[in-house]
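Q: Pasting a structure here, questions to come.
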């Protein structure tokens, strides 16, 4: 799966995603500090799902109706990075086709997927 990792995502998570065979563009490596609009533009350009811990992407994706390939919002506060990586990898493995074009929230023991309505 093509993924853009927002700069707030742990490096351990990025490494684990790559080890699992995913193509990951990491903002922290490419362009730290760029705007959320630019992050979403990169994901669109690369036809990648954005993985982030920033709730502002819900605003961009739905309220402002910006086109997106998919957003996976990570709500795993307080968990070790390796545990976060495992939860994210399990969610992607089980629901990859459903994540494309959706806004999804992964939290401990739960994955909520909302399809875009435009």
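Residue numbers (our numbering): -6 to 111.
Each residue gets a CB set at the ideal place from its N, CA and C atoms; glycine is no exception.
Keep in mind the model is a prediction, meaning the values are calculated, not measured.
(1) Using only the alpha-carbon positions, how far apart do residue 111 and residue 64 sit?
(2) Return the CA-CA distance between residue 72 and residue 38, expressed in angstroms with no decimal places.
(3) If you draw a straight line from the alpha carbon of residue 35 to that of residue 79, how long is it in whole angstroms?
(4) Which value, in whole angstroms, describes the spacing of the CA atoms of residue 15 and residue 75?
(5) Can you give the Cα-Cα distance for residue 17 and residue -3, rounded to whole angstroms?
(6) Could you give the distance in angstroms between the alpha-carbon of residue 12 and the alpha-carbon of residue 5?
(7) Could you please give the first and the last residue of the uninterrupted alpha helix (DSSP H) stretch that includes residue 76?
(8) I'd like the span of the beta strand (DSSP E) that includes residue 100, first residue to last.
(9) Between the alpha carbons of residue 20 and residue 68, how many angstroms are there, rounded?
(10) What is the rounded straight-line gap between the Cα of residue 24 and the Cα of residue 32?
A: On the basis of the data shown:
(1) Here the question's residue 111 lines up with position 118 in the chain shown. Here the question's residue 64 lines up with position 71 in the chain shown. Residue placement at residue 111 cannot be trusted, given a pLDDT of 45 that sits under 50; the coordinates are not used to answer.
(2) Here residue 72 refers to the residue found at position 79 when the chain shown is read from its first residue. Here residue 38 refers to the residue found at position 45 when the chain shown is read from its first residue. Roughly 31 Å separates the two Cα atoms.
(3) Here residue 35 is taken as the residue at index 42 of the chain shown, counted from 1. Here residue 79 is taken as the residue at index 86 of the chain shown, counted from 1. Inter-residue distance for residue 35 and residue 79 is about 25 Å (C-alpha atoms, whole angstroms).
(4) In the chain shown, counting from the first residue as 1, residue 15 sits at position 22. In the chain shown, counting from the first residue as 1, residue 75 sits at position 82. Each residue's alpha carbon lies about 16 Å from the other.
(5) To locate residue 17, count along the chain shown from 1; it is residue 24. To locate residue -3, count along the chain shown from 1; it is residue 4. Looking at the backbone, the Cα of residue 17 and that of residue -3 are separated by about 6 Å.
(6) Counting from 1 along the chain shown, the entry for residue 12 is found at position 19. Counting from 1 along the chain shown, the entry for residue 5 is found at position 12. Each residue's Cα considered, the two are about 10 Å apart.
(7) Residue mapping note: residue 76 aligns to position 83 of the chain shown, counting from 1. Counting along the chain, the alpha helix (DSSP H) containing residue 76 begins and ends at 74 to 92.
(8) One-based indexing of the chain shown puts residue 100 at position 107. Run containing residue 100: 95 to 100, per the beta strand (DSSP E) assignment.
(9) Your numbering for residue 20 matches position 27 in the chain shown. Your numbering for residue 68 matches position 75 in the chain shown. Residue 20 and residue 68: Cα-Cα distance of roughly 19 Å.
(10) To locate residue 24, count along the chain shown from 1; it is residue 31. To locate residue 32, count along the chain shown from 1; it is residue 39. The alpha-carbon separation between residue 24 and residue 32 amounts to approximately 9 Å.
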